[in-house]
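A.B. asks: Position one of the sequence shown corresponds to residue 974 (our numbering), numbered consecutively onward.
Can you read through this structure? Questions will come right after.
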Amino acid sequence: MVRGLSLAKPLKKLRFITQPHQPILLTIIAEEVKKGLYEPDALSSTVQLALIMGELDNSPPYFDHDYYIARMDENSPQGTALLFNDPYLAEIRDDDLGKNGVFSISLRNNNGTFEISPTVGETRANFVVRVRNNSLLDYEKRHVLTFTIVAQEVGPKTSLSSSAQVTVYLNDANDNPPVFRESVYRVDLKENVTEGTKVVQVAADDIDEGENAEIAYIGIERDNNSLQIDSTGWISVRVNKHIFDREVAKEWVDYNKDNESEKDDDEENESGKDDDEDNEKNESGKNDENNESGYSDEDNESGEDNDEDNEGGKDNDEDDEVVWAYRTNGSDK
């Protein structure tokens, strides 16, 4: 009777107990089978078998998966690690032994955004990918980043390699403020406007997405409660007793918080102009009533409008207008 001989364990386990071309001596025993209690002792015989292992074929390192997927918040700081959830296993293996089992690990098409460690492995290596430069982690510029991990043998006789693609999906973060579509809004109003009169509709945009892009118009700075704004951006007159009076000022400017410093600079420049105009008027012997009340001569346009009103002795409230400018994110041109 002929029986086949097979290995009970993987061949590569035998590599750990022998060297190439060195025989492994096996003793094989053949013994009779006793069928009865009173039969004579079973006879047996032995034979020796020499198993000679040849050179193992070299194989490239390989990844647990051909591709990996991860999610990451935009603007993640340097050192943040990519997390590969199940079923992705961040591991590289090489079934070769000795020098053929040593491989390098590197990134391609990465643009310096990520880095990987370790950079060298032997037989088996677990890798970690971390943020190196987060300048490209901007959701508003790109939603997805892709790069390649390469594992390559470093042996002198071969450079077998394999690779796996990594796809990183960026999560949007609330990192952009809303921006008004216009830097300055200008409106002509009658000075006798009444409560509820619509003035102008403003609009702002936020380049973030989802909840991070929702905008609410919450109020108007420094308007002495004369104006109000609704959820759609419409600005309207709030009360009948408002500050829009041509005899007080022909132009009224409301600044947002971002432009308060800009307003101070404008006021300094205007005060310098007022001083020059005051000197000119003092030389000509003129006395402007607005100077006594503290308003700038610039508002009177060199006094021409007041002179005309004084000469005619007229006070036409219905025809007078006030120019209203709402300054948003830019400077008044």
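Think of the CB as a built atom: it goes at the ideal place given N, C-alpha and C, for glycine as much as any other residue.
Predicted, not measured: the structure shown is a model, and the values here were computed from it.
Determine, using beta-carbon pairs with one atom in the segment 1166–1180 and one in the segment 1202–1211, whether at least three such pairs fall under 8 Å.
C.D. replies: yes
A.B. asks: At the level of alpha carbons, what is the spacing between Thr1121 and Val1139?
C.D. replies: One C-alpha to the other measures close to 6 Å.
A.B. asks: Leu978 and Pro996 look like a contact to me (Cβ under 8 Å); what is the Cβ gap, rounded to whole Å?
C.D. replies: Actually they do not touch by this definition, with Cβ atoms about 15 Å apart.
A.B. asks: Give every residue of the same chain whose Cβ lies closer than 8 Å to the Cβ of Tyr1035, excluding the five residues on either side of it in the sequence, and list them in chain order.
C.D. replies: Ile1065, Arg1066, Asp1067, Ala1124, Ser1135
A.B. asks: Reducing DSSP to helix, strand and coil, say where Lys1007 ends up.
C.D. replies: coil
A.B. asks: Taking just the CA atoms, how far does Val1006 sit from Asp1014?
C.D. replies: Distance from the CA of Asp1014 to the CA of Val1006, rounded to the nearest whole angstrom, comes to 9 Å.
A.B. asks: Does the beta-carbon of Glu1047 have 16 or more other beta-carbons within 10 angstroms, so that it is buried, or is it exposed?
C.D. replies: buried
A.B. asks: Who are the Cβ neighbours of Ser1204 in its own chain at under 8 Å, not counting the five residues just before and after it?
C.D. replies: Excluding residues within five positions, the ones whose Cβ falls inside 8 Å are Ala1189, Tyr1190.
A.B. asks: Between the Cα of Ala1176 and the Cα atoms of Leu1022, Tyr1142, Val1152, which residue gives the shortest distance?
C.D. replies: Val1152
A.B. asks: I need the boundaries of the beta strand (DSSP E) containing Pro1209, first residue and last residue.
C.D. replies: A small correction: the amino acid at residue 1209 is Ser; Pro does not occupy that position in the sequence shown. Here the beta strand (DSSP E) through Ser1209 covers 1207–1210.
A.B. asks: By Cβ distance, which residues of its chain are closer than 8 Å to His1116, with the 5 residues on each side in sequence left out?
C.D. replies: Tyr1142, Leu1143
A.B. asks: Leaving out the 5 sequence neighbours to the left and right, which residues in its chain are closer than 6 Å to Asp1037 when beta-carbon positions are compared?
C.D. replies: Leu1062, Glu1064
A.B. asks: Thinking C-beta only, is Glu1113 closer than 8 Å to Val1075?
C.D. replies: no
A.B. asks: Under 8 Å between the Cβ atoms of Val1212 and Glu1168?
C.D. replies: yes
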